[in-house]
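So the protein lines, in turn, are chains A and B.
Under the working numbering, the first residue of the first sequence carries the number 1, and numbering increases by one thereafter.
Under the working numbering, the first residue of the second sequence carries the number 1001, and numbering increases by one thereafter.
Just so it is clear, CB atoms sit at the ideal spot from N, CA and C, and this is done for glycine as well.
Only one structure is covered here, and it is reproduced in the block below.
There are 2 protein chains.
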Amino acid sequence: MPLPVFDAAARAALNDRLTEVAAGVDAAMDRLLPPEGGGASPRLTEALRYAVFAGGKRLRPFLIAASGALFDVPADRLYRAGAAAEFLHTYSLVHDDLPAMDDDDLRRGRPTTHRRFDEATAILVGDALLTLAFQVLGEPETHPDGTVRADLVVALAEAGGAGGMVGGQMLDIEAETRGEAQDLGTIGRMQRLKTGALIEFCCRAGAILGGAGMEARTSLRDYARAVGLAYQIADDLIDVTGDAAAAGKAVGKDAARGKATFVGLMGVDGARAEAARLMDMALAALQGFDGRADDLRRLAVHVVTRDR
Amino acid sequence: MPLPVFDAAARAALNDRLTEVAAGVDAAMDRLLPPEGGGASPRLTEALRYAVFAGGKRLRPFLIAASGALFDVPADRLYRAGAAAEFLHTYSLVHDDLPAMDDDDLRRGRPTTHRRFDEATAILVGDALLTLAFQVLGEPETHPDGTVRADLVVALAEAGGAGGMVGGQMLDIEAETRGEAQDLGTIGRMQRLKTGALIEFCCRAGAILGGAGMEARTSLRDYARAVGLAYQIADDLIDVTGDAAAAGKAVGKDAARGKATFVGLMGVDGARAEAARLMDMALAALQGFDGRADDLRRLAVHVVTRDR
């Protein structure tokens, strides 16, 4: 299979689509959150909007939009599901940043939610976003078919709960507390729970909304697993070799924390080779799809070649 | 309408049903949580089970079971929905007890989850339970009809989110921080969000699972609102007039915190009269139901006559 050339035109096409999806998802999130100055507590509303509209790339909604496009799912439903995924992602960032967890003061160059407001507000912002994610998926507007709405809810809960993101964060904290040496298998397992599960949900959501058959679902699952792991390895590489200005965030954080990473265990060259191998796997998983999968193809290449 | 006599026989019948439902819901929760020693993180599993199996009365699952019984919904489905409500209730207690929130060291005579484990674990326990609640409601076992499963998810999210429990907790914290004098309207609104919304969900869940018509739904909503408010007023009364040994918890906490309560604003006699009036309203709302509503009737009387 000839790999798509990731030339300037392909990069521009990907950027256009990323911008388009981000705008659609941001508009959906704006409608789904309590209005500015409104809600039960205006301060809670302000904090919710501060956490959500923080300049994220909306990569997870992009995966939902690109997977759903394979089955011609209408954009408004994909943006609603994308909003749910982004609410869940944001909740996990807000809680992970708390002093009792990773204790981060800055995210994307701005004070984290508990630094800008306070800890109680940040805990409640996370709780509200987590709850809202399930509400949005369960509402009839997300899909006329009730069964599918419930299926989406269960899929997101599986990705987010004790056997997904929450479990992964717990393993991460336990590893850091114990300070034990970790091997590739342990880090890989943690990554798959902490960040991989939601990426896999996103591709699965497109398939669920599109009523995809088993073969297409399996292909998308393989794609998601390869891209999710490649994304994490690329993140580790940026932290080691990256430039803070290009990355838009502090680099060298993992080493400073003594955190075990893919790069630490495989070396820079080994990690680069592994990321490239995963990109090939992701592209191979899409072999059965037509040109509607080009967004997913471009994203797989982008994930391992990005510098931030 | 003659009020049911709440004699020794009625009290015994209520206690038997409370025990029966608690056993059924505890068994369901035991099956739905990761098995002891299992799950992604055994420590997280241990903390989840510590938080959930802490001797709660399972009042919210009882409301689901008693409402669903009006429409002959099978017990196993009611227990599953009850497990979801109790997971949500437990998550809210674990997060509310955190140092950044109400900072409580003890709950039901045992160390709170963050005291027994640590803050990070308690935050993650809450997040996992909140997620699990939605998963359980969305799964096919809760009800064969997919649309209803999604409806349950949305109803729980409405009760739990920024316009429900989370919003109520935020208002509570803001009021305590500001230390402003509060009137009955403000406290009533906060109570309706913080504790009333979940009680209302429970009665609504029984109606949703039972495919109840509009009239029955409205009656159950009126019942739930009256019982929810009566429950809170009774709680305030126990805190002021109660005996710590009988209540099984410290009393006088609200006054020590300078917290505005119904009793503080209405006086003990006024609060007692209001609770009795609400009990009458709750019973009146059930007028259209037959003997299958006796559990709900007994509970309404119990709520305002209990001493703990």
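Let me know the secondary structure DSSP gives B/LEU1296 once reduced to three states. In the second sequence, the residue the question calls residue 1296 of chain B occupies position 296. Here B/LEU1296 sits in helix by DSSP.
Determine the burial state of A/PRO2: buried for a count of at least 16 other Cβ atoms within 10 Å of its Cβ, exposed for fewer. The sequence position of residue 2 of chain A within the first sequence is 2, counting from 1. Since pLDDT at A/PRO2 reaches only 43, below the 50 mark, its modelled position is unreliable, and the value read off the structure follows with that caveat. Exposed, since its Cβ has fewer than 16 Cβ neighbours within 10 Å.
With a cut-off of 8 Å on the beta carbons, I'd call B/ALA1066 and B/LEU1296 a contact; round off their distance for me. Position 66 of the second sequence holds residue 1066 of chain B. Position 296 of the second sequence holds residue 1296 of chain B. That pair is a contact at about 5 Å.
N-terminal and C-terminal residue of the alpha helix (DSSP H) that B/VAL1154 is part of: Stepping through the second sequence from its first residue, residue 1154 of chain B is reached at position 154. 1146-1160 is the extent of the alpha helix (DSSP H) around B/VAL1154.
Within the 7 Å Cβ cut-off, does B/GLN1191 reach chain A? Translated into positions along the second sequence, residue 1191 of chain B becomes position 191. Output row for B/GLN1191: interface = no.
Chain D beta carbons: is any one of them nearer than 7 Å to that of A/ILE199? Although the question refers to chain D, the structure presented lacks it and instead comprises the protein chains A and B.
Along the chain, where does the alpha helix (DSSP H) containing A/GLY185 start, and where does it finish? One-based indexing of the first sequence puts residue 185 of chain A at position 185. Here the alpha helix (DSSP H) through A/GLY185 covers 184-191.
Looking at B/VAL1251 and B/ALA1275, is the spacing between their C-beta atoms short of 7 Å? Indexing the second sequence from 1 puts residue 1275 of chain B at position 275. Indexing the second sequence from 1 puts residue 1251 of chain B at position 251. For B/ALA1275 and B/VAL1251, no; Cβs fall outside 7 Å.
Since B/ARG1110 sits in a beta bridge, which residues does DSSP pair it with? Position 110 of the second sequence holds residue 1110 of chain B. DSSP output for B/ARG1110 lists B/ARG1107 as bridge partner(s).
Alpha carbon to alpha carbon, how far is B/VAL1021 from A/PHE71? Reading the second sequence from its first residue, position 21 is the one you call residue 1021 of chain B. Reading the first sequence from its first residue, position 71 is the one you call residue 71 of chain A. The straight-line gap from Cα to Cα measures roughly 45 Å.
Would you be able to state if there are at least three C-beta pairs under 8 Å between the segment 88-96 of chain A and the segment 129-139 of chain A? yes
Nearest chain B C-beta to A/GLU176 closer than 7 Å, yes or no? Walking along the first sequence from the start, residue 176 of chain A turns up at place 176. No, no contact with chain B.
Below 8 Å between beta carbons is the criterion; list the residues of the segment 1047-1069 of chain B that meet it against any residue of chain A, in chain order. LEU1048
Could you list which residues in chain A have their beta carbon closer than 9 Å to that of B/MET1101, in chain order? Locating residue 1101 of chain B in the second sequence gives position 101, where the first residue counts as 1. Those are GLU119, ALA120, ILE123, LEU124, listed as they occur along chain A.
Considering only residues of the same chain and omitting the five flanking positions on each side of A/VAL25, which have a CB-CB separation below 7 Å? Indexing the first sequence from 1 puts residue 25 of chain A at position 25. Counting only Cβ-Cβ distances below 7 Å, and skipping sequence neighbours, we find ARG58, PRO61, TYR79, GLY82, ALA83, GLU86.
Looking only at C-alpha atoms, which of A/ALA271, A/ARG204, A/ALA9, A/GLY210 sits nearest to A/SER219? On the first sequence, position 219 is the one that residue 219 of chain A refers to. Of the candidates A/ALA271, A/ARG204, A/ALA9, A/GLY210, the one whose C-alpha sits nearest the C-alpha of A/SER219 is A/ARG204.
Where A/MET281 and B/LEU1063 are concerned, what is the direct C-alpha to C-alpha distance, given to the nearest angstrom? In the first sequence, counting from the first residue as 1, residue 281 of chain A sits at position 281. In the second sequence, counting from the first residue as 1, residue 1063 of chain B sits at position 63. Answer to the nearest angstrom: the Cα atoms are 52 Å apart.
So, using beta-carbon positions, are B/ALA1047 and B/PHE1117 closer together than 7 Å? Within the second sequence, the letter at position 47 stands for residue 1047 of chain B. Within the second sequence, the letter at position 117 stands for residue 1117 of chain B. In contact: B/ALA1047 and B/PHE1117 (Cβ atoms closer than 7 Å).
From A/GLU215 to A/ARG189, what does the alpha carbon distance come to, in whole angstroms? Taking the first sequence and counting its residues from 1, the one referred to as residue 215 of chain A is at position 215. Taking the first sequence and counting its residues from 1, the one referred to as residue 189 of chain A is at position 189. Going by the C-alpha atoms only, they are around 25 Å apart.
Pick out whichever of B/ALA1027, B/ALA1069, B/ASP1102, B/VAL1125 has its Cα sitting closest to the Cα of B/PRO1042. Sequence index remark: in the second sequence, residue 1042 of chain B carries index 42 (1-based). Ranking the options by Cα distance to B/PRO1042, first place goes to B/VAL1125.
Out of A/GLY196, A/GLY258, A/ALA255, point me to the one whose CA is closest to A/ARG221's CA. Start at 1 with the first residue of the first sequence, and residue 221 of chain A comes out as number 221. Measuring from the Cα of A/ARG221, the nearest candidate turns out to be A/GLY196.
Just checking, does the segment 145-160 of chain A make contact with the segment 1146-1159 of chain B on the three C-beta pairs under 8 Å criterion? yes
Look at A/ASP239 and A/ASP254 and say whether their C-beta atoms are less than 7 Å apart. What you label residue 239 of chain A is simply residue 239 of the first sequence in a count that begins at 1. What you label residue 254 of chain A is simply residue 254 of the first sequence in a count that begins at 1. In this structure, A/ASP254 lies closer than 7 Å to A/ASP239 by Cβ.
Given that A/PHE71 touches chain B, what residues does it touch there, using C-beta distances under 7 Å? In the first sequence, the residue the question calls residue 71 of chain A occupies position 71. By Cβ distance, chain B contributes nothing, its closest Cβ being about 19 Å from A/PHE71, past 7 Å.
Only counting the same chain, and skipping five residues up and downstream in sequence, which positions put a Cβ closer than 6 Å to that of B/GLY1068? Taking the first residue of the second sequence as position 1, residue 1068 of chain B is located at position 68. Excluding residues within five positions, the ones whose Cβ falls inside 6 Å are LEU1078, GLY1206, LEU1209, GLY1210.
If I follow the unbroken alpha helix (DSSP H) through A/MET214, where does it start and stop? Reading the first sequence from its first residue, position 214 is the one you call residue 214 of chain A. 214-241 is the extent of the alpha helix (DSSP H) around A/MET214.
When you compare the CB of B/MET1001 with every CB in chain A, is at least one pair closer than 7 Å? As a first step, residue 1001 of chain B is located in the second sequence; it is residue number 1 there, counting from the start. The pLDDT assigned to B/MET1001 is 41, lower than 50, so where the model puts this residue is not dependable; a value taken from the coordinates is nonetheless given after this. Chain A, which has no Cβ nearer than 7 Å to the Cβ of B/MET1001, makes this no.
Residues near A/LEU265 by beta carbon distance below 6 Å, same chain, minus five either side: The residue labelled residue 265 of chain A in the question sits at position 265 within the first sequence. Once the five neighbours on either side are set aside, the close Cβ partners of A/LEU265 are LEU184.
Beta-carbon gap between B/ALA1260 and B/LEU1237 smaller than 7 Å: Residue 1260 of chain B sits at position 260 when you count from the first residue of the second sequence. Residue 1237 of chain B sits at position 237 when you count from the first residue of the second sequence. No, they are not a contact pair.
In whole angstroms, what separates the C-alpha of A/MET103 from that of A/ALA128? Position 103 of the first sequence, counted from the start, is the residue given in the question as residue 103 of chain A. Position 128 of the first sequence, counted from the start, is the residue given in the question as residue 128 of chain A. Here the sequence assigns Asp to residue 103 of chain A, which means Met is not the residue at that position. For A/ASP103 and A/ALA128, the distance between alpha carbons rounds to 21 Å.
A/ARG292 at chain B interface by Cβ criterion, 7 Å: The residue given as residue 292 of chain A occupies position 292 in the first sequence. Not an interface residue.
Along chain A, in chain order, which residues have C-beta atoms closer than 7 Å to that of B/HIS1095? Numbered from its first residue, the second sequence carries residue 1095 of chain B at position 95. Those within 7 Å of B/HIS1095 in chain A are ILE123, ASP127.
Helix or strand or just coil, what does DSSP make of A/LEU98? Taking the first sequence and counting its residues from 1, one reaches residue 98 of chain A at position 98. DSSP places A/LEU98 in coil when its eight states are reduced to three.
Counting only beta-carbon separations shorter than 7 Å, does A/THR113 have a partner in chain B? Walking along the first sequence from the start, residue 113 of chain A turns up at place 113. No, no contact with chain B.
Under the three-state DSSP convention, the category A/LEU70 falls into: Counting from 1 along the first sequence, the entry for residue 70 of chain A is found at position 70. Coil at A/LEU70, not helix or strand.
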